[in-house]
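Below is one structure, written out as structure tokens, with a few remarks after it.
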Amino acid sequence: MRRNPDFRTTSSLHTNASLLLFTMKSLEIRNLTIALADSLEEPIVKGLNLTINTGEVHAIMGPNGTGKSTLSKAIAGHPDYEITEGDVLIDGESILEMEPDERARAGIFLAFQYPAEIPGVSIANFLRAAEQARLDEGENVDAAAYYKRLYEKMDDLKIDRKFTARAVNEGFSGGEKKRCEILQMAMLEPTFALMDETDSGLDIDALKVVADGVNRLRGENLGVMLITHYQRLLNYIQPDYVHVMYDGRIVKSGDKNLAIELEEKGYDWVKNELAAPATA
Amino acid sequence: MSSSVSASPFTGLDAERFATHLAQRSYLPAWWIAAKQEAWNEFTSLPMPARKDENWRFANLKGLSLDDFIVPEEHSSLVPHLPNFPHASEIIFSNRQTVGRSGLPKELADQGVIFAPLDEALRDHGDLVRNYFQQHPVNLGSEKFIALNIAFAACGTFLYVPKGVKVDLPFVVQHTISGDKQSIFPHTIVALEESSEASLVEFFVSGDTASHLASGVNDLHAGQNAKLTYVGAQNWSEDTLSFQANSIHAARDARVQCLNVHLGGRQARHESHSRLAGPGAHCDMLALTVAKGSQEFDQRTLQTHQAPHTTSDLLYKNALIDTAKTIFSGLIVVDPDAQQTDAYQTNRNLLLSDKAEANSLPGLEIQANDVKCSHGSTSGRVPPEQEFYLQSRGIDPVKAHELIVFGFFEEVLNRLEDEHLHAVLSELIQSKFKKS
Amino acid sequence: MKPPAELATPPAPEKIDDPVMENPAEGIDQSAGDFTYDVQYDYDAGAGLTENTIRYISDVKKEDDWIREFRLKALKVFEDKPMPTHWATDDLNNIEFDKIRYYLAQGQKPKRTWDEVPDDIKETFERLGIPEQERKFLAGVEAQFDSEAAYSNVKEIVAKQGVIFMGSTEALKEHPEIFRRWFGKVIPTSDNKFSALNSAVFSGGSFIYVPPGVKVSQPLQAYFRINAENFGQFERTLIIVDEGAEVTYMEGCTAPKFSTATLHSAVVELVAMKNAKIQYITVQNWAANVYNLVTKRGLAHEGAEIKWIDCNIGSRLTMKYPGVVLKGKGARGEVVSVALANDGQHQDTGAKMIHAADDTTSTIVSKSISVGQGRATYRGVVHIPKHLQGCKNNTECDALLINSNSRTDTYPAITVRGDDHAVQHEASVSKVSEEMIFYMQQRGLSEAQAMSLAVNGFVNDLVRQFPMEYSVELKRLIDLEMEGSVG
């Protein structure tokens, strides 16, 4: 068992030949070290390596406080975090100098664990602004086409159309917030989705709806990083790869069976294994 | 029962009377005598509040006249009894003289705690008192009456708790006044050093139903990480003109809780200024008022956030009966550098008669942007559905009213940690209702 | 304000519209109001204010003796009253009354057709889009250029219903019986220093009378333009809506940027008779050196409803507290206001609700935004005197701070007498949080776009209450004001 497997190699082994027909893209996380901007001395993520290609779903599991959310927020450019070492690249180009909105337009989508409320700004208005921001100057979102597409996606996700008039996340239940995140993801068509604890705080029915949404969106043009604390989400979204994160690093990688093993043995199993001398 | 006071020639608030007062205190530190002289000069030069003065908006200015009040030396022997509840030590003043005092427990004295009448403290610990005297004056409109207090201050208490000393039981002070046109000027100074803890409870009571003048001032200091609880329960005669100005200064990480209960007085003005001076400081400002008959209660507050990460929470509740009138005027000021501040201010007025008048001026002045500030004010009647609910359980309307009003006050009293004190204050408030 | 005019002028900066507002009129450009024309004035009262100034104005206007006397008395009151700096800002002391010109006119009579308007004035108003606006949706329009109305038109259909809509100067002559009955009754000369000033030198403004039962379906509009430097505009508006009648009136105000301060001090009196309804909408976008000190009050009789919608953008100092005196049983009053204070600006606004009858209801909703070093102040009065029953007031004030040097103040004054009323005041101060901005950036919006969206969201529920043309315009104005406030 390798402690820090280099997934660039592993994933390329699994590449389906048919993918070559599409332009495969990659999100490469290289030796990434992340700290809170106001306590640089104590990094949360410590030299993490991972490559996600479009067409792949990578689940990242691990106990609370191990740096999973930090990883996704830092990739998206959250101002609270500082990357002190390493790099994040899309198709070989670093995104670390980009503003959060530039990263978003470059294809990164973060589904927030705790989405912010934006009082007074309707979902329809907000998504349209986000789409407009992706167009060249002088171009405008075609309103009719926009609404047609929005309503289609909402129908797909079984979201009531009245939803569009509500202010973004304001007064939403936990399930509504998560569905709103999935709707935005469906509309904005990112290349890489970082889904931060998308399943936390959801009952089984809500979880199914969210998982169904993600399953609809996955495909050759999307790479997914699925961050979760609980194995149950993986019953509904089958990952191609499972990584166990502990103390700021990926300490174990495998396929979906790793998640099952983890469920049976618990996170202590990983901790104990780490504590024991490494076996090759 | 009014007064064993002998009718001395003229003992009004005049220069001659002040000169006698000062002469009797020649043994006190020079700085104190000078401060008194300066205060007297200020008192005589400052005008009475005028109509255009925003600090006195809605107040009955005619009622403020100081004419005819006198400052005799004699004290009445009539001292209402002090509520009995567990306390660390007590001092009782009557007409400006110390008439009763329980000793300070030895373990407290050994740790350096000082709890003494002001004149005694000035004599024995003059420099220490000076460090805390009027360091952060209140400027909410009563400057003239604060000056009068300082000029004539004699009764009053100095409480000093050294670094790290924790006193579990409260210190208790009672100020009593009796005799027609008598006046009283309590001045209390509390200084809690770093990481110390103490409570002070003051009762202000009249020995008779005569007309009195009271003008009190408190300088309350909570040092770094100290915890200070102050409770003032005012139950002057219903013919008393009363002023009180409290200054609260909370240093870094200090926690202060102030509760003022207002029951007595013909016209009672209460000013309270909390300064959150160090990061992490917190202050609770609480008040309960029962306004009856033609009483006027005028409360002015200021919460100044001078440092980041400070919090303050004000809750003033008034119940109004008959033709009584209340004024609440509060202001939260957040200085430009005081980011991450949470400040709340709530005034609730329960109007129980169709002639009562509640005035509310809840204000905010915010210059920092990373703040959470809100204020709320409601003025209304007992919700009919509440009243009906109680009646449907067989409780008569008068009793139902009473229960609802006590419930209205409980929200404030529940914030007190001291259960015995809670019970004493509840009883005091109930007695006001029963008096009618 | 940007008059609706500018709705027709070209491209706005990128802006997000609400879905309900597809294809709004095009954008407006804040600088559109910032131009002047050299105008030869036939009448100029000169700088400074004396009894002679008043006589000059009265002479030019050929006024009756009673009005001349009224003015002279008002001047005395103005001179006697101190500046209200015991509660208001000291910046009032910087007004140089001696340097202001109190009356400027070209001797024009208001023109009834657009072609008759003198070319230079026409050019001004065309640039601001008045005629197009009129064609679009107004029932009538009046445009004031400095002291006097330059153009006044009321659609035939409205005129036929007996609606009177004209400049105050004309109305004083043509309808003295109605005018005199209500003039100065809602806002007496001595109400405050600036109502006294207006009473002394007023000129122009609108006069509206709506006969019983007539419901004017489209809004009437006036547009006020200051064109000359060192000029004070003192219009006087009087609106009387008779029993069961209804009207909506909108006013817009602009002035170009002059190097010295300009004064606008209007008095607006509304009278809503039994069961009448008045909605009065103001969008002001004064240049940043205008002192805007306006007194506005309505009198609501039994069952009547008066609603003020007030948007304050621009000016150096605005002091304006629209009020309603709820005189008749069951009367309703409402003030909805939005204020945006940018660098160097102080928006001191609020509302007054004076309950004077049983079962009267009032509502105040105020939102302010402080940007840069701007300062927004809310002052409110809610008064419920004794012997009344069943009065209700609900007040909400929300303030949004954008930058760390912005400032906001809230000073309400609430008096309630009696045990049968419900009065509630809530206020909050918040800021646009970093989390909110990051969330929006993560969806691809730039920081500036995110900020603009957050601010528009803050005022959105209020702006929705405005007529569409105005709400679109207001959103654009806010966006323009927000430019450069981030980063």
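These protein sequences, in sequence, are chains V, L and Z. Numbering-wise, the first sequence is residues 29 to 308 according to my numbering. Numbering-wise, the second sequence is residues 4 to 439 according to my numbering. Numbering-wise, the third sequence is residues 6 to 492 according to my numbering. Backbone N, C-alpha and C fix where the C-beta goes; we use that ideal spot for every residue, glycine too.
Query raised in the report: Would you say Val149 of chain V faces chain Z, with C-beta separation under 9 Å as the test?
Result: yes
Report task. Below 8 Å between beta carbons is the criterion; list the residues of the stretch 417-451 of chain Z that meet it against any residue of chain L, in chain order. Result -> Flagged, chain order: Pro417, Ala418, Ile419, Thr420, Val421, Arg422, Gly423, Asp424, Asp425, His426, Ala427, Val428, Gln429, His430, Glu431, Ala432, Ser433, Val434, Ser435 and Lys436.
**Report entry** Reduced DSSP secondary structure (H/G/I, E/B, other) of Ser476 of chain Z
**Finding:** helix
Query - Alpha carbon of Lys206 of chain V to alpha carbon of Ser315 of chain L, nearest angstrom - result: 35 Å
Query raised in the report: Within 10 angstroms of its Cβ, does Pro365 of chain L collect 16 or more other Cβ (buried), or is it exposed?
Result: buried
Query raised in the report: the stretch 396-410 of chain Z: which residues have C-beta closer than 8 Å to a C-beta of chain L, in chain order?
Result: Ala404, Leu406, Ile407, Asn408, Ser409 and Asn410
Query - Bounding residues of the alpha helix (DSSP H) (the contiguous stretch that carries Gly282 of chain V) - result: Segment Arg277 to Gly282 is the beta strand (DSSP E) holding Gly282 of chain V; no alpha helix (DSSP H) there.
Query raised in the report: If Leu289 of chain L and Val415 of chain L are in contact, beta carbons under 8 Å, what's the gap, nearest whole angstrom?
Result: 5 Å
Query - Collapsed DSSP secondary structure at Ser200 of chain Z in the structure displayed - result: helix
Query - Extent of the continuous alpha helix (DSSP H) to which Ala42 of chain L belongs - result: Ala33 to Ser48
Query - Beta-carbon neighbours of Val374 of chain L, restricted to chain Z and to distances below 9 Å - result: Leu406, Val434, Ser435 and Lys436
**Report entry** Identified DSSP bridge partners for Thr329 of chain L
**Finding:** L:Phe300 and L:Ala361
Query raised in the report: Can you find at least 3 beta carbon pairs, one from the stretch 156-167 of chain L and one from the stretch 46-54 of chain L, that sit closer than 8 Å?
Result: no
Requested in this report: Excluding the 5 residues preceding and the 5 following His312 of chain L in the sequence, name in chain order all residues of the same chain whose CB lies nearer than 6 Å to its CB.
Outcome: Pro282, Gly283 and Gln343
Requested in this report: Would you check if the distance between the CB atom of Ile187 of chain L and the CB atom of Ala213 of chain L is smaller than 9 Å?
Outcome: no
Report task. Give me the Cα-Cα distance between Ala229 of chain L and Gly379 of chain L, rounded to the nearest whole angstrom. Result -> In this structure, the alpha-carbon of Ala229 of chain L lies about 29 Å from that of Gly379 of chain L.
Query raised in the report: Taking Cβ positions only, does His392 of chain Z come closer than 9 Å to chain L?
Result: Look at His392 of chain Z: its C-beta is under 9 Å from a C-beta on chain L.
Report task. Report buried or exposed for Gly95 of chain V, applying the criterion of at least 16 other Cβ atoms within 10 angstroms of its Cβ. Result -> buried
Query raised in the report: For the alpha helix (DSSP H) that contains Trp71 of chain Z, what are its first and last residues?
Result: Asp70 to Asp85
Requested in this report: Measure the Cβ-Cβ separation of Lys372 of chain Z and Cys396 of chain Z and say whether it is below 9 Å.
Outcome: no
Report task. Return the chain-ordered list of same chain residues with a C-beta closer than 7 Å to the C-beta of Phe471 of chain Z, the five sequence neighbours on each side being excluded. Result -> Only Ile286, Ile314 and Leu479 meet the Cβ criterion.
**Report entry** CA-to-CA distance, Leu69 of chain L to Glu179 of chain Z, given in whole angstroms
**Finding:** 60 Å
Query - DSSP-derived helix/strand/coil call for Ile398 of chain L - result: coil
Query - C-beta contact flag for Asp414 of chain Z and Arg469 of chain Z at 9 Å - result: It is not a contact, given that the beta carbons lie outside the stated cut-off.
Report task. Under 6 Å Cβ to Cβ from Ser297 of chain L, same chain only, skipping five residues before and after it: list those, please. Result -> Thr326
Query raised in the report: Does the beta-carbon distance from Gln149 of chain Z to Glu240 of chain Z come in below 9 Å?
Result: yes
**Report entry** Whether Ser204 of chain Z touches Val246 of chain Z by CB criterion (9 Å)
**Finding:** Not in contact: Ser204 of chain Z and Val246 of chain Z (Cβ atoms no closer than 9 Å).
**Report entry** Assigned secondary structure, Met278 of chain Z (DSSP; H/G/I helix, E/B strand, else coil)
**Finding:** coil
Report task. Have a look at Z:Ser270, Z:Ile72, Z:Glu431 and Z:Gly319 and flag the residue whose alpha-carbon is nearest the alpha-carbon of Phe184 of chain Z. Result -> Ranking the options by Cα distance to Phe184 of chain Z, first place goes to Z:Ile72.
Query raised in the report: Can you name, in chain order, every residue of its own chain whose Cβ lies under 6 Å from the Cβ of Lys410 of chain Z, other than the five neighbours on each side?
Result: Per the sequence presented here, residue 410 of chain Z reads as Asn, with Lys not at that position. So the qualifying residues of the chain are Gln378.
Query raised in the report: Helix, strand or coil: how does DSSP classify Met288 of chain L here?
Result: strand
Query raised in the report: Of all Cβ atoms in chain Z, is any one closer than 9 Å to the Cβ of Ala221 of chain V?
Result: No - not a single Cβ of chain Z is within 9 Å of the one on Ala221 of chain V.
Query raised in the report: When DSSP labels each residue in this structure, what does Met51 of chain L get in the three-state scheme?
Result: Reduced to three states, the DSSP call for Met51 of chain L is coil.
Report task. Would you decide whether Arg244 of chain V is buried or exposed? Buried here means 16 or more other CB atoms lie within 10 Å of its CB. Result -> It is exposed - the Cβ of Arg244 of chain V has fewer than 16 other Cβ atoms within 10 Å.
Query raised in the report: With C-beta atoms as the reference, is Thr307 of chain L less than 9 Å away from Gly333 of chain L?
Result: no
**Report entry** Cβ pair Thr253 of chain Z, Val221 of chain Z closer than 9 Å
**Finding:** yes
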